[in-house]
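Colleague: Protein chains in written order, with the working numbering: chain A, 1 to 111; chain F, 112 to 224.
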C-alpha cells in the first residue's frame, strides 16, 4: 500500500501558486519523497524529489517538514497545462527500490 | 532530452491471444520496470528487472506474464494468454542506477476483447 495520503482534488486559479499537500507519517529515515504528475492517461512525469531539505527546480519547489511526516509541492505560477493528477510517492527500499502510487490529487487550474 | 519509448501505443487483441509490448529504455539506464494502470484506477507496480533477471515482481505478475531484454536495447513484456481484465495502460520505466529517479514512457494501451 502507498505510504502517502493526499486530498483527492484541488482547484487553483491560473497564475497563482498551487500548494499540494501530502502526508507520509510512516516514512523511514532513508526513504525519499518523490512527486510525479500524470496528464490525462500519459506516462507519469517526474517533477521533483527530496529527502530532508527543501528542493527547487525549474518546475516546482518541495517543502518537507522537519519531522518528515508531511510535504508540500508548490507550483509557483500554475498554468492551464498544469492540470493533472499529482502523485506524492515514498520510494520504498524492499531490496529494490519501488514506487508505490496512491490515488493522487487531481489539480484543476482554472482560467 | 532522452526518453523511454513504447510500442505499440494502442493494441486491440482477442482474449486468449499472446501480446508483446515493447519498450526502449533510456540508453545508459540499467534498471527497468513495468507498471500498469487500469482505466480510472491507480498506477500499479508489476515487475522490476536488472542484469537480465527479475529483481522483484508483484502478485499481479503471475505466470501469464514474462519480461525479457532480448537484444540489449528492447525491454519487452509478454502476456501469454490475455484476459479481459488485462485491459489497461502499460507503462515501461527505466532508471540509470538503483536509487535514482525513474522515468516513464508514454504507455501502451491494451484492449482485450
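The beta carbon of each residue, even a glycine, is placed where N, CA and C say it ideally should be.
1) Using only CA atoms, which one of F/194, F/115, F/189 lies nearest to residue 158 of chain F?
2) How would you write the range of the beta strand (DSSP E) that residue 10 of chain A sits in, first residue to last?
3) Grab me the residues of residue 46 of chain A's own chain with a C-beta within less than 7 angstroms of its C-beta, minus the 5 sequence neighbours each way, in chain order.
4) Identify the residues that DSSP records as bridge partners of residue 225 of chain F: which are they?
5) Which residues bound the beta strand (DSSP E) around residue 49 of chain A?
6) Can you have a look at residue 113 of chain A and say buried or exposed, based on whether 16 or more other CB atoms are within 10 angstroms of its CB?
7) State the Cα-Cα distance for the pair residue 208 of chain F and residue 162 of chain F, rounded to the nearest angstrom.
8) Can you list, in chain order, the residues of the stretch 149–160 of chain F whose Cβ is nearer than 7 angstroms to any Cβ on chain A?
9) Measuring straight from C-alpha to C-alpha, what distance separates residue 196 of chain F and residue 115 of chain F?
10) Skipping 5 residues on each side, what residues in its chain have a beta carbon closer than 8 angstroms to that of residue 119 of chain A?
Modeller: Well, looking at it:
1) In the second chain, counting from the first residue as 1, residue 158 of chain F sits at position 47. Minimum Cα distance to residue 158 of chain F is reached at F/189.
2) One-based indexing of the first chain puts residue 10 of chain A at position 10. Note, residue 10 of chain A: beta strand (DSSP E), 9–13.
3) Taking the first residue of the first chain as position 1, residue 46 of chain A is located at position 46. So the list reads 36, once near-sequence residues are dropped.
4) Outside the shown range of chain F (112 to 224) lies residue 225 of chain F, about which nothing can therefore be said.
5) Here the question's residue 49 of chain A lines up with position 49 in the first chain. First-last of the beta strand (DSSP E) with residue 49 of chain A: 45–50.
6) This structure gives no information on residue 113 of chain A, because the portion of chain A shown stretches from 1 to 111.
7) Here residue 208 of chain F refers to the residue found at position 97 when the second chain is read from its first residue. Here residue 162 of chain F refers to the residue found at position 51 when the second chain is read from its first residue. CA-CA distance, residue 208 of chain F to residue 162 of chain F, rounds to 12 angstroms.
8) Of all residues in the stretch 149–160 of chain F, 153, 154, 156, 159 have a Cβ within less than 7 angstroms of some Cβ in chain A.
9) Start at 1 with the first residue of the second chain, and residue 196 of chain F comes out as number 85. Start at 1 with the first residue of the second chain, and residue 115 of chain F comes out as number 4. Rounded to the nearest angstrom, the two C-alpha atoms are 26 angstroms apart.
10) Look at the range of chain A in this structure, 1 to 111, and you will see that residue 119 of chain A is not part of it.
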